[in-house]
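**Student:**
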Amino acid sequence: MLNIDQKREDVLYGSDNDGNTMLMDAIRDKNFELCCLLLMHYADPTQKNDCGQDALAIAEECGFEEISFVIRDMQANGL
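When the count follows the working numbering, it moves up by one through the sequence shown with no breaks and lands on 86 for the last residue.
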């Protein structure tokens, strides 16, 4: 059985068979609240999937402007 730290790490940094993270899936679902929760708990928006896309690229591709703004702001502030 995985301990709580390992489970947390799997949620924040783990990926599916295509390299997509939970953050990427939340972006595709346009679930702003979940995206913010994941980012507040240090999900890595720079992690890339097997197609070479990071969270910002996926947000822009999906037209999810709100989360695109949040990710760009985080990156500009070095977070």
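Each residue gets a CB set at the ideal place from its N, CA and C atoms; glycine is no exception.
Any idea what DSSP makes of Gln82, helix, strand or coil?
**Tutor:** The residue given as residue 82 occupies position 75 in the sequence shown. Of the three classes helix, strand and coil, the one that applies to Gln82 here is helix, per DSSP.
**Student:** Expressed to the nearest angstrom, what Euclidean distance is found between the alpha-carbon atoms of Phe76 and Ala83?
**Tutor:** Translated into the one-based positions of the sequence shown, residue 76 becomes position 69. Translated into the one-based positions of the sequence shown, residue 83 becomes position 76. If I take the Cα positions, the gap works out to 10 Å.
**Student:** With distance defined between alpha-carbon atoms, name the residue in Gln60, Glu73 and Gly85 nearest to Met31.
**Tutor:** Translated into positions along the sequence shown, residue 31 becomes position 24. Looking at the Cα atoms, Gln60 is the closest of the given residues.
**Student:** Excluding sequence positions up to five away, which residues of its chain have a Cβ less than 6 Å from the Cβ of Lys37?
**Tutor:** On the sequence shown, position 30 is the one that residue 37 refers to. The answer, listed in chain order, is Phe71.
**Student:** Excluding the 5 residues flanking Gly26 on each side, which residues of the same chain have their C-beta closer than 6 Å to its C-beta?
**Tutor:** The residue labelled residue 26 in the question sits at position 19 within the sequence shown. Asn56 and Asp57.
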